[in-house]
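Notes to accompany the following structure.
Residue numbers (our numbering), protein chains in the order written: chain A, 1 to 324; chain B, 1001 to 1324; chain C, 2001 to 2324.
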């Protein structure tokens, strides 16, 4: 069992313990994670292509603001779709061209959105903990969802990853999970490690070059590997992370081919995992850098199912916080 | 009583005198202003956070085009929200990347939107009177709302300011109002002066450096002050305007600290106004330039209420013009 | 009768011959074109300004993605409005700032949108046949509409042009149609020539400088003219195309005034066509380059009606493919 140190208390529940914001998976109780996954499961059927009207009126008349201080069309789009399917109104705020550019402070911008009667703020920010700062500031009828803050957390990605693992592997208590790549800078990795630990996953491995693996207390209990062969042996879940090209240029990651040679997920390497191991990736993929096309498109890949489950998980989170 | 010279007849009503466009507050009859404020009052309750569904079907099936030739995320967003809450469909047109960039004329662009069966065009333009030109061109079933034209008018801002003053002060007939800053270039100031005059406000003061105060006939009756101390004495409403940094660079406004020293709204200066005076600002604020944080966040500040009332006022205007 | 060579079989129907994608007008059977035009005719009445609610619930709960790899506010807006009026949810994807910019392949982007349960992908791409490639890749419950691919096809424009001609001229079997300008690079011209041929138009003329007229087999049967006077004589429909300024700079088109002198549509030249000839243009117009203002705004111009019919045609196409 992985030990976990909660570095800072972040309040994301009300007095009754119900979810009012989604800021981090660090310290979130097991029951709450399970409740979100169960709620998401109901929404998976709402969005079935065979269903005539892929829409429920749960958030009708509510205003969801997509507040992206850092650009991410993919994540923004999944939140927009999730909000649409809950019948909410969605406002996309292009922050680079907004009042912030005119020198307005973050809190002044937020105060204005509150005054416009926003119900949910979906916030992506390049500064770690910015969504927490916002959540501490808003009144009880406004709900904040962290859509990725710096290299800190990306809780809806962590939850959709948990959903995917539960869907395919059913029980976390016998699971061996390997996460490959830049763990230090990855909010996806951090959110996954926190959630897996809480859900009782007995063995979490991280695989990557020394410069990209964590050394801090937070990660106590995670098994560290510098070689794919040893790290992948016998695991049930293989998750590769996206390699940020900027990091290659800064010399933190071996460049292009060199990274692929050492840490690329190939068919040969995947054969070392359990035969029914699933392959996950948060997207967008760099084919030929962190993953081979034969693996990305192969029978063990559940990468596109992750995207589908991501919509349902975001619908679950939005409908839960809006109701609490 | 301030005298007012209507420089150009702009037609914003039909034969029955009902509002069909909102272009300017100059020359708008008192009854019409009051009717808009009364209509807005009903919409304030629609958008109460406690209300389950913050939406009415008044503009269902109508198409509102946000036609912003000049960027303003804040104003655009408030119109988008107002339209959402009236159940209209909203199309945001990014003009810098549109056909206008391919050399199409303004009137050709408008003709195309009419052909697409637009119902309401919300227009912001850096050229004064562009919305008037558009309104003269459109057929009777298309309605134009001026969302700010050059340094000319910003009528929905003026109306939300009137709403705010009426909400807190009830009666305009005993009111002393001080407007501080760059009056000459401010469409907000002009819209406010026209509306206040019409509503019977007996004393409108403008305070600022000589270079930024008007000398024209339009402003006849407005009291001019070059010192905060004299100008603020005994007023009921203090409105500071945003200082455009470009104007500082061009030498029209004393730079940064110098402006704040002379014209910044501080707690000490605010103490010269009536004890129950309210503080207004159209946003976004430059804290430490035109306003002190202690005042902006203080008990007399109604700056965020202005934003909330602004949504209701825009709902009122859109629903009124669309019905006429 | 114009002969037509189908260069590549593109599958845009299901086993029952019903439309599942709209990719090209090349090879589309007459009955299918007529069915689209008949369906559009019903939607023209839905969007009548006099109608209280310009909306039908046909695509409620469906997700339409506007996937524009090449910028076109005008075309994107018409699809957005058409989708709104069918009650669909619309997601606009700004591709230049999306994952594609992060090195994701086109097919990976599409796979993600499928995983997000897109129902309709409206695709504009600067590479010819990109929408066909996408259509071959998607599952049966996803539908692709070509909104312009390279210099290849622009089928909804072709269809709205057919709608316009049918509306004003009723029967294609006696029609003489002249298309003026850059035929070689124009997807509008190609889509029109294919559709007119299929609908039995006995005489299609193209007028332009030699460098911009086609010489290939595809165009067999189209009459080629290098002079306006001869080309316009006795025609029922005059369609001028937009001159791309880039082509002028590259020397393929006579510059500015020179082009207008030779090929500009003036009142004097229009007088050579039949007295009741209609004037069409796909927009946006370069007044004084390919068309004289007196003609663009004259009694024979149906340029703005084209825009209105375009909405109805796009509603027809979207509702048809989504139902098949």
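For glycine and all other residues, C-beta sits at the position ideal for the given N, C-alpha and C.
Fill in: Beta-bridge partners of residue 89/A, as assigned by DSSP
On the first chain, position 89 is the one that residue 89/A refers to. Paired residues: 63/A.
Practice prompt. Tell me, please, whether the CB atom of residue 264/A is closer than 8 Å to any CB atom in chain B?
Written response: By 1-based counting over the first chain, the position of residue 264/A is 264. Cβ-Cβ to chain B under 8 Å: no for residue 264/A.
Worksheet entry | Whether residue 187/A touches residue 154/A by CB criterion (8 Å) | Counted from its first residue, the first chain places residue 187/A at position 187. Counted from its first residue, the first chain places residue 154/A at position 154. Yes, these two residues count as a Cβ contact at 8 Å.
Discussion item. Can you look up residue 143/A in the DSSP assignment and give me helix, strand or coil?
Written reply: Along the first chain, read from residue 1 onward, the residue named residue 143/A stands at position 143. Three-state result, residue 143/A: strand.
Worksheet item: Hey, does residue 2240/C have any beta-carbon neighbour from chain B nearer than 8 Å?
Response: Your numbering for residue 2240/C matches position 240 in the third chain. So, not an interface residue.
Practice prompt. Leaving out five residues on either side along the sequence, give the residues of the same chain with a beta carbon under 6 Å from the beta carbon of residue 2040/C.
Written response: The count along the third chain starts at 1 and reaches residue 2040/C at position 40. The answer, listed in chain order, is 2163, 2312, 2313 and 2316.
Worksheet item: Under 8 Å Cβ-Cβ, which residues of chain A neighbour residue 2060/C?
Response: As a first step, residue 2060/C is located in the third chain; it is residue number 60 there, counting from the start. Simply 53 and 55.
Discussion item. Suppose the cutoff is 7 Å on Cβ atoms and the five residues either side in sequence are ignored; what does the same chain contact list for residue 2322/C look like?
Written reply: Numbered from its first residue, the third chain carries residue 2322/C at position 322. Same-chain partners within the cutoff: 2059, 2062, 2119, 2120 and 2143.
Discussion item. Give me the residue from 152/A, 227/A, 229/A and 136/A with the minimum Cα distance to residue 194/A.
Written reply: One-based indexing of the first chain puts residue 194/A at position 194. Closest by alpha carbon: 152/A.
Practice prompt. Give a yes or no on whether the minimum CB-CB distance between residue 1315/B and chain A is below 8 Å.
Written response: By 1-based counting over the second chain, the position of residue 1315/B is 315. Output row for residue 1315/B: interface = no.
Practice prompt. Say yes only if the C-beta of residue 1299/B is nearer than 7 Å to one or more non-hydrogen atoms of the ligand SAM, and no if none qualify.
Written response: The ligand SAM is not part of this structure, which contains no ligands at all.
Worksheet item: Using the C-alpha atoms, what's the distance from residue 2308/C back to residue 1318/B?
Response: Here residue 1318/B is taken as the residue at index 318 of the second chain, counted from 1. Here residue 2308/C is taken as the residue at index 308 of the third chain, counted from 1. When rounded, the separation of the alpha-carbon atoms in residue 1318/B and residue 2308/C is 23 Å.
Worksheet entry | the stretch 233 to 246 of chain A contacting the stretch 62 to 79 of chain A, beta-carbon criterion three pairs below 8 Å | Contact fails: fewer than three Cβ-Cβ distances are below 8 Å.
Discussion item. Using the Cβ count rule (16 or more neighbours within 10 Å means buried), how would you classify residue 2/A?
Written reply: Within the first chain, numbered from 1, the residue matching residue 2/A stands at position 2. Any answer about residue 2/A is weak, because its pLDDT of 40 lies below 50 and its placement is not dependable; what the coordinates show is given next. So residue 2/A counts as buried.
Worksheet entry | Straight-line gap, residue 2277/C to residue 2300/C (C-alpha atoms, nearest Å) | Looking up residue 2277/C in the third chain gives position 277. Looking up residue 2300/C in the third chain gives position 300. Taking the straight line joining both Cα atoms gives about 7 Å.
Worksheet item: Who are the neighbours of residue 1093/B on chain C, taking C-beta pairs under 8 Å?
Response: Here residue 1093/B refers to the residue found at position 93 of the second chain. Chain C residues near residue 1093/B: 2073 and 2077.
Practice prompt. Name the one or two DSSP bridge partners that residue 1239/B has.
Written response: On the second chain, position 239 is the one that residue 1239/B refers to. Note: residue 1239/B sits in a beta bridge opposite 1179/B and 1280/B.
Item to complete: Could you list which residues in chain A have their beta carbon closer than 9 Å to that of residue 1304/B, in chain order?
Response: Working through the second chain from its first residue, we reach residue 1304/B at position 304. Per Cβ cutoff of 9 Å: 111, 112, 114 and 115.
Item to complete: Determine the DSSP secondary structure at residue 2005/C, reduced to helix, strand or coil.
Response: Sequence index remark: in the third chain, residue 2005/C carries index 5 (1-based). Residue placement at residue 2005/C cannot be trusted, given a pLDDT of 41 that sits under 50; the coordinates are not used to answer.
Item to complete: Can you pull the chain C residues whose beta carbon is under 7 Å from the beta carbon of residue 307/A, in chain order?
Response: Translated into the one-based positions of the first chain, residue 307/A becomes position 307. Under the 7 Å cutoff, chain C gives 2112, 2115 and 2116.
Practice prompt. Assign residue 2284/C to one of two classes, buried (16 or more other C-beta atoms within 10 Å of its C-beta) or exposed (fewer than that).
Written response: In the third chain, residue 2284/C corresponds to position 284, counting from 1. With 16 or more Cβ atoms within 10 Å of its Cβ, residue 2284/C is classed as buried.
Worksheet entry | DSSP state of residue 2011/C mapped onto helix, strand, coil | Position 11 of the third chain, counted from the start, is the residue given in the question as residue 2011/C. If DSSP states are grouped into helix, strand and coil, residue 2011/C belongs with coil.
Fill in: Range of the contiguous alpha helix (DSSP H) that encloses residue 159/A
For the purposes of this step, residue 159/A is taken as residue 159 along the first chain, with counting starting at 1. Segment 155 to 169, the alpha helix (DSSP H) holding residue 159/A.
Worksheet entry | Residue nearest to residue 2055/C in terms of C-alpha spacing, selected from 2165/C, 2224/C and 2084/C | Within the third chain, residue 2055/C is the residue found at index 55, counting from 1. Closest by alpha carbon: 2084/C.
Item to complete: Report the rounded CA-to-CA distance for residue 2034/C versus residue 2178/C, giving the unit in angstroms.
Response: The count along the third chain starts at 1 and reaches residue 2034/C at position 34. The count along the third chain starts at 1 and reaches residue 2178/C at position 178. The alpha-carbon atoms of residue 2034/C and residue 2178/C are separated by roughly 22 Å.
Fill in: Straight-line Cα distance separating residue 2082/C from residue 1047/B
Start at 1 with the first residue of the second chain, and residue 1047/B comes out as number 47. Start at 1 with the first residue of the third chain, and residue 2082/C comes out as number 82. Approximately 29 Å between the Cα atoms of the pair.
Worksheet item: What do you get for residue 2107/C, buried or exposed, if any count of 16 or more other CB atoms within 10 angstroms of its CB means buried?
Response: Taking the first residue of the third chain as 1, we reach residue 2107/C at position 107. Residue 2107/C should be labelled exposed.
Worksheet item: Using DSSP with H/G/I as helix, E/B as strand and the rest coil, what is residue 1203/B?
Response: Residue numbering aside, residue 1203/B sits at position 203 when the second chain is read from its first letter. Residue 1203/B sits in a strand when the DSSP states are folded into three classes.
Practice prompt. Quick one: list the residues of chain B neighbouring residue 63/A, beta-carbon separation under 9 Å, in chain order.
Written response: The residue labelled residue 63/A in the question sits at position 63 within the first chain. Here the neighbours are 1054, 1081, 1084 and 1085.
Practice prompt. Count the other CB atoms, across all protein chains shown, that sit within 10 Å of the CB of residue 1021/B; report buried if there are 16 or more and exposed otherwise.
Written response: Your numbering for residue 1021/B matches position 21 in the second chain. Looking at its Cβ environment, which holds 16 or more other Cβ atoms inside 10 Å, residue 1021/B is buried.
Worksheet item: Can the beta-carbon of residue 2204/C be found less than 8 Å from the beta-carbon of residue 2212/C?
Response: Here residue 2204/C refers to the residue found at position 204 of the third chain. Here residue 2212/C refers to the residue found at position 212 of the third chain. No, the Cβ-Cβ distance between residue 2204/C and residue 2212/C is not below 8 Å.
Practice prompt. Quick one: list the residues of chain A neighbouring residue 2069/C, beta-carbon separation under 7 Å, in chain order.
Written response: Within the third chain, the letter at position 69 stands for residue 2069/C. Neighbours of residue 2069/C in chain A, taken as residues whose beta carbon is under 7 Å from its own, are absent, since the nearest beta carbon is some 13 Å off.
Worksheet item: Would DSSP call residue 46/A helix, strand or coil?
Response: One-based indexing of the first chain puts residue 46/A at position 46. Helix, per DSSP.
Discussion item. I'd like to know if residue 1318/B contacts chain A, where contact means its C-beta is closer than 8 Å to some C-beta of that chain.
Written reply: Taking the first residue of the second chain as position 1, residue 1318/B is located at position 318. No, residue 1318/B does not count as interfacial toward chain A.
Discussion item. If you measure between the beta carbons of residue 1181/B and residue 1243/B, is that distance less than 8 Å?
Written reply: To locate residue 1181/B, count along the second chain from 1; it is residue 181. To locate residue 1243/B, count along the second chain from 1; it is residue 243. Inclusion of residue 1181/B and residue 1243/B in the CB contact set at 8 Å is warranted, their separation being smaller than that value.
Item to complete: Look at residue 148/A and residue 75/A and say whether their C-beta atoms are less than 8 Å apart.
Response: As a position in the first chain, residue 148/A is number 148, starting the count at 1. As a position in the first chain, residue 75/A is number 75, starting the count at 1. Remark: C-beta atoms of residue 148/A and residue 75/A approach each other more closely than 8 Å.
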